[in-house]
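S.K.:
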Amino acid sequence: MSSAQTHDNGRAVLTASPRPAATVGPAQVALGAVAVAMVVLAAVVRFGGSLSEQVAPGLTQSGAFTKGALAVSELAMNAAATLTVGWLLLAAVLLPAASDRLDRCLRAASLSALGWTLATLAVVAFSAADLFGVPLGGLTQNLLATFVRDLSEGRALTAVAAAAAVIAVTAHLPRTPQAAGYLLALALAALLPPSFTGHAADASFHTLAVYSLAAHVVAAAVWVGGLVALAAAVRWAGDHAAEIVTRYSALALVCFAAVGASGAVNAWIRLGGVDLGSRYGALVAAKIAVLGALGALGWRHRRASIPRLRSGRAAGTFLRVAAVEILVMAAVMALATGLSRTPPPELASDTLDPVELRLGFPLPGPPSLSAYALDWWIDPLCGALVVLGGVLYGAGVVRLRARGGAWPLARVAAWYAGLTIVLVATCSGLARYSMVLFSDHLLQHMAVSLPASLLLLLGAPVALALRALPEGRPRQLIDAAARSRGVRLLGHPVVAPAVFVAALYGFYFTSLFEASLRNHAVHSLALVVFVAAGVFYLRAALDPGRWLRGALLLAASLPFHVGFGLVITGSDDALAEGWFSRLGRTWGVAPLDDQRSGGELAWTFGVTATLLLLAVLVCLRVRAARRGAARRG
Numbered sequence: 001m002s003s004a005q006t007h008d009n010g011r012a013v014l015t016a017s018p019r020p021a022a023t024v025g026p027a028q029v030a031l032g033a034v035a036v037a038m039v040v041l042a043a044v045v046r047f048g049g050s051l052s053e054q055v056a057p058g059l060t061q062s063g064a065f066t067k068g069a070l071a072v073s074e075l076a077m078n079a080a081a082t083l084t085v086g087w088l089l090l091a092a093v094l095l096p097a098a099s100d101r102l103d104r105c106l107r108a109a110s111l112s113a114l115g116w117t118l119a120t121l122a123v124v125a126f127s128a129a130d131l132f133g134v135p136l137g138g139l140t141q142n143l144l145a146t147f148v149r150d151l152s153e154g155r156a157l158t159a160v161a162a163a164a165a166v167i168a169v170t171a172h173l174p175r176t177p178q179a180a181g182y183l184l185a186l187a188l189a190a191l192l193p194p195s196f197t198g199h200a201a202d203a204s205f206h207t208l209a210v211y212s213l214a215a216h217v218v219a220a221a222v223w224v225g226g227l228v229a230l231a232a233a234v235r236w237a238g239d240h241a242a243e244i245v246t247r248y249s250a251l252a253l254v255c256f257a258a259v260g261a262s263g264a265v266n267a268w269i270r271l272g273g274v275d276l277g278s279r280y281g282a283l284v285a286a287k288i289a290v291l292g293a294l295g296a297l298g299w300r301h302r303r304a305s306i307p308r309l310r311s312g313r314a315a316g317t318f319l320r321v322a323a324v325e326i327l328v329m330a331a332v333m334a335l336a337t338g339l340s341r342t343p344p345p346e347l348a349s350d351t352l353d354p355v356e357l358r359l360g361f362p363l364p365g366p367p368s369l370s371a372y373a374l375d376w377w378i379d380p381l382c383g384a385l386v387v388l389g390g391v392l393y394g395a396g397v398v399r400l401r402a403r404g405g406a407w408p409l410a411r412v413a414a415w416y417a418g419l420t421i422v423l424v425a426t427c428s429g430l431a432r433y434s435m436v437l438f439s440d441h442l443l444q445h446m447a448v449s450l451p452a453s454l455l456l457l458l459g460a461p462v463a464l465a466l467r468a469l470p471e472g473r474p475r476q477l478i479d480a481a482a483r484s485r486g487v488r489l490l491g492h493p494v495v496a497p498a499v500f501v502a503a504l505y506g507f508y509f510t511s512l513f514e515a516s517l518r519n520h521a522v523h524s525l526a527l528v529v530f531v532a533a534g535v536f537y538l539r540a541a542l543d544p545g546r547w548l549r550g551a552l553l554l555a556a557s558l559p560f561h562v563g564f565g566l567v568i569t570g571s572d573d574a575l576a577e578g579w580f581s582r583l584g585r586t587w588g589v590a591p592l593d594d595q596r597s598g599g600e601l602a603w604t605f606g607v608t609a610t611l612l613l614l615a616v617l618v619c620l621r622v623r624a625a626r627r628g629a630a631r632r633g
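Quick note: the sequence shown uses UniProt numbering, first residue 1, plus one each step.
Structure below.
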């Protein structure tokens, strides 16, 4: 797709005879992209009605100038963020490990991150003025502080600005692809906060809406940012051009599919089905049409350009074709920005029950075995990770055995048993009741943080990937990530238990717990963190080569688990009482009594799990001793 285009482009610039009439410079492409984006944005904002005085409540309140400036600032923020992701992707993933072009990519990322920071600050200012209905000059310090401190949108934008500023300051410091990878992860994470506070967060099926929007934003940034970075870097890529473009091509294909699928899901939710009668629906249709055109163009160049680039033959049309694709992408980005300022039909609907809107699903009835087993509610993030983990692990086993290698069935069984526990805990009826009953929320947490983490760890997915993958960049990246300082730090025998315990106490005894109930995205991310913390904790504790240290770690952690349960049981104040009381639940025990039941479950589970883990450690130690004896014999 677009990556293929890029390939063709890169080759033309690298090998074709210079012909001024056919050469398009980066400055020309940049100016053209800005012009196209501004024209499309103006048309979409005008057509979508966001400049009108009659708009959806909470979307905008101020004059036309502030509304227009806000749309332009958002476009600049999105463009700078996309460029930052593109340069960091080039530095961390696409460039060969020993490339001497790493510093140039990181300097470019630092500059684009600086623009990202400034554009985000402009969005903060214009958003506050827009919300409070005052001109920018009338925005007082108190109003701005209220927006940043008290409103979720303001806090999200502040977090984005802070992350972008960190990247701008530190992007020129790392000298390795691994260090650039941390910055890439930070940049991708910084794309997400606005997705959790925009229209999608208030939509029906808001969990699916939020995650489809998040996937859409991340995939689009990787796809578009990677293409722009490659087009700008192709002049100095040299002999690495074919290798870089080939890597990007596979990634771009995945991103294109993710952009299309997530965009379709989000549009379906927002429109309530196929509805092209509204202005919002018309803009969605236009976006789909342009995306289809990009896909067709990419397919053509994937078939024609990449083979020519690999063969080293001249391809004089590459840069011109890439320039056209970048211009089209600029138009799509402007259309998407304008679409975010357009009130969707769903916002005008008042048919949802307030409790259903708060939960994301109807209030369940009294708990029963059939409700837990049959009344499933799919967590989009955890469900997608389970499916992805199952598919990739199975593909690795099949590939390894096809090459004559062996992989223990016990590890396969452990991995899929762990995924099953995660799936049941996050997507079955337990997922519904975890938002309604504290005891079920705690049960969900315990299920993913210890049993599931133990089984996933025993599945040894990293070892499988390193054995199944051939020599190449994917294997190098996995190996580098497994050996990175961050992973070693998290697996340290002192740090891992501390993080595991801190995650438990820091989540339930701070505002994070209630925030996870109010925001499904926070809830899902917390579950992922619990799984990761459990894996690192158990990895440090269940080392058969250092079984005494592991036993001491397990014994030292036990009082914290028991103490947590006892504090919860003995508390006279219900955690997140405001949330649970407003649900209007008429069945079951009171929130405080339910919390005490959860506390009893917590300390009982902690004691039982610790004893079982000690037994597992002994078994691992015995097996390791027998293997050592067999080798010596």
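Beta carbons: idealized from backbone N, C-alpha and C, even for Gly.
Here the structure is a predicted model, which is why all the values come from computation and not from measurement.
1. CB-CB under 7 Å to N266, same chain, minus the five flanking residues each way: which ones, in chain order?
2. P177: buried (16+ other C-beta within 10 angstroms of its C-beta) or exposed?
3. Is M435 helix, strand or coil when you go by DSSP?
4. Give the range of the alpha helix (DSSP H) segment to which I167 is assigned.
5. DSSP three-state label for G598, please.
6. Given that a residue counts as buried once 16 or more other Cβ atoms are within 10 Å of its Cβ, and exposed if not, what is Q595?
7. Mark H561 as exposed unless 16 or more other C-beta atoms lie within 10 angstroms of its C-beta, in which case mark it buried.
8. Are V45 and L283 closer than 8 Å when you measure CB to CB?
9. In or out: Q444 buried (at least 16 other Cβ within 10 Å) or exposed?
10. I believe V436 touches G584 by the beta-carbon criterion, under 8 Å. Please report the beta-carbon distance rounded to the nearest angstrom.
11. Rounded to whole angstroms, how far is the Cβ of A331 from the Cβ of V34, which I believe are closer than 8 Å?
12. Once DSSP output is grouped into helix, strand and coil, what is the label at N519?
13. Could you check where the alpha helix (DSSP H) with T84 kicks off and where it finishes?
14. Have a look at A163 and M333 and give me their C-alpha separation to the nearest angstrom.
15. From the DSSP output, in three-state form, read off S249 for me.
16. Relative to the C-alpha of L613, which candidate in W87, D573 and A540 has its C-alpha closest?
17. Report the CB separation of R411 from G459 in whole angstroms; it is logged as a contact under 8 Å.
18. With H, G and I counted as helix, E and B as strand and the rest as coil, what does DSSP make of V290?
19. What is the DSSP secondary structure of I244, counted as helix, strand or coil?
20. Which residues in the same chain as T337 place their Cβ atom closer than 7 Å to its Cβ, once the five residues preceding and following it in sequence are excluded?
21. Below 8 Å between beta carbons: does that hold for A113 and T84?
22. Any contact of the segment 484-491 with the segment 438-454, i.e. 3+ C-beta pairs under 8 Å?
23. Taking the Cβ atom as the reference point for each residue, do V422 and V386 lie within a distance shorter than 8 Å?
24. Which whole-angstrom value describes the C-beta separation of G405 and R467, a residue pair presumed to lie in contact below a C-beta threshold of 8 Å?
25. Determine the DSSP secondary structure at I378, reduced to helix, strand or coil.
26. Mapping DSSP to helix, strand and coil, what is D573?
27. Going by CA-CA distance only, name the one from T342, L357, V290 and G298 that's closest to V328.
28. Taking 8 Å as the cut-off, decide whether the C-beta atoms of A482 and V462 are in contact.
29. Count the other C-beta atoms from every protein chain shown that fall within 10 angstroms of the C-beta of L253, then say buried if there are 16 or more, exposed otherwise.
30. Spatial neighbours of L601 within its chain, please: C-beta separation below 7 Å, excluding the five flanking residues on both sides.
31. Is the CB-CB distance between V228 and I326 below 8 Å?
32. At a Cβ threshold of 8 Å, is T604 touching chain D?
33. Only counting the same chain, and skipping five residues up and downstream in sequence, which positions put a Cβ closer than 6 Å to that of F132?
34. Using the beta-carbon count (16 or more within 10 Å), is G365 buried or exposed?
35. Cα separation between A503 and G389?
36. Which stretch, first to last residue, makes up the alpha helix (DSSP H) that contains R358?
M.R.: So, from the data block:
1. Counting from 1 along the sequence shown, the entry for residue 266 is found at position 266. Same-chain partners within the cutoff: A200, A209, S212, L213 and H216.
2. Locating residue 177 in the sequence shown gives position 177, where the first residue counts as 1. Buried.
3. As a working note, residue 435 is residue 435 in the sequence shown. Here M435 sits in coil by DSSP.
4. Reading the sequence shown from its first residue, position 167 is the one you call residue 167. Run containing I167: S152 to T170, per the alpha helix (DSSP H) assignment.
5. Counting from one through the sequence shown, the residue named residue 598 turns up at place 598. In the structure shown, G598 sits in a helix (DSSP, three-state: H, G or I).
6. In the sequence shown, the residue the question calls residue 595 occupies position 595. Counting every other CB atom within 10 Å of its CB across the protein chains shown gives Q595 a total of 16 or more, marking it as buried.
7. As a first step, residue 561 is located in the sequence shown; it is residue number 561 there, counting from the start. Under this definition H561 is a buried residue.
8. Working through the sequence shown from its first residue, we reach residue 45 at position 45. Working through the sequence shown from its first residue, we reach residue 283 at position 283. The Cβ-Cβ distance between V45 and L283 does not fall below 8 Å.
9. The sequence position of residue 444 within the sequence shown is 444, counting from 1. The residue is buried, with at least 16 neighbouring Cβ atoms inside 10 Å.
10. Within the sequence shown, residue 436 is the residue found at index 436, counting from 1. Within the sequence shown, residue 584 is the residue found at index 584, counting from 1. Going by Cβ atoms, the distance from V436 to G584 rounds to 11 Å, so no, they are not a contact pair.
11. Position 331 of the sequence shown, counted from the start, is the residue given in the question as residue 331. Position 34 of the sequence shown, counted from the start, is the residue given in the question as residue 34. That pair is no contact at about 11 Å.
12. Position 519 of the sequence shown, counting from 1, holds the residue named residue 519. Correct three-state label for N519: coil.
13. Indexing the sequence shown from 1 puts residue 84 at position 84. Taken as a continuous stretch (DSSP letters only), the alpha helix (DSSP H) holding T84 covers A64 to L89.
14. If you number the sequence shown from 1, residue 163 lands on position 163. If you number the sequence shown from 1, residue 333 lands on position 333. Distance between the alpha carbons of A163 and M333 is about 22 Å.
15. Along the sequence shown, read from residue 1 onward, the residue named residue 249 stands at position 249. Helix at S249.
16. By one-based count along the sequence shown, residue 613 stands at place 613. When each option's Cα is compared against that of L613, the closest is A540.
17. On the sequence shown, position 411 is the one that residue 411 refers to. On the sequence shown, position 459 is the one that residue 459 refers to. Yes, they are in contact, since the Cβ atoms of R411 and G459 sit about 5 Å apart, within 8 Å.
18. Translated into the one-based positions of the sequence shown, residue 290 becomes position 290. Residue state, collapsed to three classes: helix.
19. As a working note, residue 244 is residue 244 in the sequence shown. Reduced to three states, the DSSP call for I244 is helix.
20. Taking the sequence shown and counting its residues from 1, one reaches residue 337 at position 337. The answer, listed in chain order, is L41, A71, E74, L75 and N78.
21. Translated into positions along the sequence shown, residue 113 becomes position 113. Translated into positions along the sequence shown, residue 84 becomes position 84. With contacts defined as CB atoms closer than 8 Å, A113 and T84 qualify as a contacting pair.
22. no
23. Mapped onto the sequence shown, residue 422 falls at position 422. Mapped onto the sequence shown, residue 386 falls at position 386. It is a contact, given that the beta carbons lie within the stated cut-off.
24. In the sequence shown, residue 405 corresponds to position 405, counting from 1. In the sequence shown, residue 467 corresponds to position 467, counting from 1. Correct: roughly 6 Å between the Cβ atoms.
25. The residue labelled residue 378 in the question sits at position 378 within the sequence shown. Here I378 sits in coil by DSSP.
26. Locating residue 573 in the sequence shown gives position 573, where the first residue counts as 1. Coil, per DSSP.
27. Mapped onto the sequence shown, residue 328 falls at position 328. Nearest of T342, L357, V290 and G298 to V328, Cα basis: V290.
28. Taking the first residue of the sequence shown as position 1, residue 482 is located at position 482. Taking the first residue of the sequence shown as position 1, residue 462 is located at position 462. In contact: A482 and V462 (Cβ atoms closer than 8 Å).
29. In the sequence shown, the residue the question calls residue 253 occupies position 253. With 16 or more other Cβ atoms from the protein chains shown falling within 10 Å of its own Cβ, L253 counts as buried.
30. Counted from its first residue, the sequence shown places residue 601 at position 601. Excluding positions up to five away in sequence, the list reads S439, L442 and L443.
31. As a position in the sequence shown, residue 228 is number 228, starting the count at 1. As a position in the sequence shown, residue 326 is number 326, starting the count at 1. Cβ atoms of V228 and I326: closer than 8 Å.
32. Given the protein chain composition of this structure (a single chain), no chain D is represented.
33. The residue you call residue 132 lines up with position 132 of the sequence shown. Closer than 6 Å at Cβ, skipping near neighbours: L143.
34. In the sequence shown, residue 365 corresponds to position 365, counting from 1. By the Cβ neighbour-count rule, G365 is exposed, with fewer than 16 other Cβ atoms within 10 Å of its own.
35. Stepping through the sequence shown from its first residue, residue 503 is reached at position 503. Stepping through the sequence shown from its first residue, residue 389 is reached at position 389. When only Cα atoms are considered, A503 and G389 end up about 24 Å apart.
36. Along the sequence shown, read from residue 1 onward, the residue named residue 358 stands at position 358. Per DSSP, R358 belongs to the alpha helix (DSSP H) from P354 to L359.
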